[in-house]
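Peer 1: For the sequence shown, my numbering gives the first residue as 1, with consecutive numbering after it.
Glycine included, C-beta positions come from ideal geometry on N, C-alpha and C.
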Amino acid sequence: MKYNDKPKFNIGDTVVITLYGTVGKITKIKHIDEQYLYEVNESHGLYNENCLVLLAEYRGEMPDKEQIDIEYKFFFGDLVQVNGYKGELFKVVGFRTEIWRYQDDAWEDIIYELTRVTDGEWLEADEEELLLIADADQADVFLKKYGYSFSKHQQPSLSLPPPRDNLSLKIDRLLDAYNDYKILYETFKDEFYVSTLQTITKQLVDLSNSRKERLEK
Numbered sequence: 001m002k003y004n005d006k007p008k009f010n011i012g013d014t015v016v017i018t019l020y021g022t023v024g025k026i027t028k029i030k031h032i033d034e035q036y037l038y039e040v041n042e043s044h045g046l047y048n049e050n051c052l053v054l055l056a057e058y059r060g061e062m063p064d065k066e067q068i069d070i071e072y073k074f075f076f077g078d079l080v081q082v083n084g085y086k087g088e089l090f091k092v093v094g095f096r097t098e099i100w101r102y103q104d105d106a107w108e109d110i111i112y113e114l115t116r117v118t119d120g121e122w123l124e125a126d127e128e129e130l131l132l133i134a135d136a137d138q139a140d141v142f143l144k145k146y147g148y149s150f151s152k153h154q155q156p157s158l159s160l161p162p163p164r165d166n167l168s169l170k171i172d173r174l175l176d177a178y179n180d181y182k183i184l185y186e187t188f189k190d191e192f193y194v195s196t197l198q199t200i201t202k203q204l205v206d207l208s209n210s211r212k213e214r215l216e217k
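Rendered as structure tokens:
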């Protein structure tokens, strides 16, 4: 085989992979065993020059475009329960669709990215693993105002917390706010949330001291 001292294609060229009829851009060129191999769209595979044609020079038939309609059951901020995490709550912070195509089969997987309400731990889960507890508009209200208990195979049961005095209610609200801002900080790493957490902590200390003094009287 005649050795070419220069690559036929350049990084950035738009080419057709003739094996599949797909279009992409050259993202890397490698020189191996006296031949040039090309990476397309930052994929892991390499193609030799015989498998590629510049799009402007391609005379074959392009494959038909495929339109895919995806219906999402959950959205940003929704409060969900995850199979295998009994009694724990997560918020939806992202989602993506993975599209799989083979010669005799095809499907789409929807993957949701979640953070646990209690400590901000990150988790990925399939759509069928999730149970909606409260949509985004009601999630914070649910967390702050309702007690909850869960069974792995049952819908969540709700119960109002017992009445408390004003001091206890203030402490509970501050604890709710602290948990919310903690999740925000762990998610976005914004120093603004640190100062807010410090302010809430000081208020909690003051209220706890007040309650202690009341009990000692």
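Below 8 Å between beta carbons: does that hold for K25 and T14?
Peer 2: Within the sequence shown, the letter at position 25 stands for residue 25. Within the sequence shown, the letter at position 14 stands for residue 14. Yes, the pair counts as a contact, with Cβ atoms nearer than the cut-off.
Peer 1: On the DSSP bridge assignment, give the partners of E71 in chain order.
Peer 2: If you number the sequence shown from 1, residue 71 lands on position 71. Per DSSP, none; premise fails for E71.
Peer 1: For I99, which residues of its own chain have a beta-carbon under 6 Å away from its beta-carbon, when the five flanking residues on both sides are left out?
Peer 2: As a position in the sequence shown, residue 99 is number 99, starting the count at 1. Closer than 6 Å at the Cβ level, and outside the excluded window around I99, lie E108.
Peer 1: Kindly indicate which three-state DSSP category L158 falls into: helix, strand or coil?
Peer 2: Residue numbering aside, residue 158 sits at position 158 when the sequence shown is read from its first letter. Any reading at L158 is ruled out, since the residue's pLDDT is 42, under 50, leaving its predicted position unreliable.
Peer 1: By DSSP, does Y47 sit in helix, in strand, or in coil?
Peer 2: One-based indexing of the sequence shown puts residue 47 at position 47. Looking at Y47 - three-state DSSP - the assignment turns out to be strand.
Peer 1: Less than 8 Å between the beta carbons of R82 and L132, yes or no?
Peer 2: Position 82 of the sequence shown, counted from the start, is the residue given in the question as residue 82. Position 132 of the sequence shown, counted from the start, is the residue given in the question as residue 132. The sequence given here has Val at residue 82, not Arg. For V82 and L132, no; Cβs fall outside 8 Å.
Peer 1: Compare the C-alpha of Y72 against each of Y47, Y58, A106 and I111 and name the closest.
Peer 2: As a working note, residue 72 is residue 72 in the sequence shown. It is I111 whose Cα lies nearest to the Cα of Y72.
Peer 1: Return the CA-CA distance between C51 and T97, expressed in angstroms with no decimal places.
Peer 2: For the purposes of this step, residue 51 is taken as residue 51 along the sequence shown, with counting starting at 1. For the purposes of this step, residue 97 is taken as residue 97 along the sequence shown, with counting starting at 1. C51 and T97: Cα-Cα distance of roughly 29 Å.
Peer 1: Excluding the 5 residues flanking L169 on each side, which residues of the same chain have their C-beta closer than 7 Å to its C-beta?
Peer 2: What you label residue 169 is simply residue 169 of the sequence shown in a count that begins at 1. For L169, where only same-chain residues beyond five positions count, there are no Cβ hits under 7 Å.
Peer 1: Grab the span of the beta strand (DSSP E) containing I32 for me, first residue to last.
Peer 2: On the sequence shown, residue 32 is found 32 positions in, with the first residue counted as 1. T22 to I32 is the span of the beta strand (DSSP E), which, as asked, contains I32.
Peer 1: Hey, how far is the Cα of K91 from the Cα of T199?
Peer 2: Walking along the sequence shown from the start, residue 91 turns up at place 91. Walking along the sequence shown from the start, residue 199 turns up at place 199. So the two alpha carbons sit approximately 25 Å from each other.
Peer 1: Does DSSP put E88 in a helix, in a strand, or in coil?
Peer 2: Residue numbering aside, residue 88 sits at position 88 when the sequence shown is read from its first letter. Three-state result, E88: coil.
Peer 1: Between Y36 and P7, is the Cβ-Cβ spacing less than 8 Å?
Peer 2: Position 36 of the sequence shown, counted from the first residue, corresponds to residue 36. Position 7 of the sequence shown, counted from the first residue, corresponds to residue 7. Yes, they are a contact pair.
Peer 1: So, helix, strand or coil for Y178, using DSSP?
Peer 2: Here residue 178 is taken as the residue at index 178 of the sequence shown, counted from 1. Reduced to three states, the DSSP call for Y178 is helix.
Peer 1: Going along the chain, which residues of its own chain have a beta-carbon closer than 8 Å to the beta-carbon of D190, five neighbours each way excluded?
Peer 2: As a working note, residue 190 is residue 190 in the sequence shown. L184.
Peer 1: Please decide whether N83 counts as near chain C, where near means a Cβ-Cβ distance under 8 Å.
Peer 2: Included in the structure is just one protein chain, with no chain C present.
Peer 1: Classify R232 as helix, strand or coil using the three-state DSSP reduction.
Peer 2: Residue numbering for the chain in the displayed model covers 1 to 217; residue 232 lies beyond these limits and cannot be assessed.
Peer 1: When the Cα of I32 is compared with those of V23, G21 and E49, which residue comes out closest?
Peer 2: Start at 1 with the first residue of the sequence shown, and residue 32 comes out as number 32. Comparing Cα-Cα distances from I32 to each of V23, G21 and E49, the minimum goes to E49.
Peer 1: If you draw a straight line from the C-alpha of K144 to the C-alpha of L55, how long is it?
Peer 2: Sequence index remark: in the sequence shown, residue 144 carries index 144 (1-based). Sequence index remark: in the sequence shown, residue 55 carries index 55 (1-based). Roughly 58 Å separates the two Cα atoms.
Peer 1: For my contact list, L114 and V141 are in at a C-beta cut-off of 8 Å; report their separation, rounded to the angstrom.
Peer 2: Translated into the one-based positions of the sequence shown, residue 114 becomes position 114. Translated into the one-based positions of the sequence shown, residue 141 becomes position 141. No, L114 and V141 are not in contact; Cβ-Cβ is about 19 Å, not under 8 Å.
Peer 1: For a test of the three-state rule: what should DSSP assign to T196, helix, strand or coil?
Peer 2: Working through the sequence shown from its first residue, we reach residue 196 at position 196. T196: helix per DSSP, three-state reduction.
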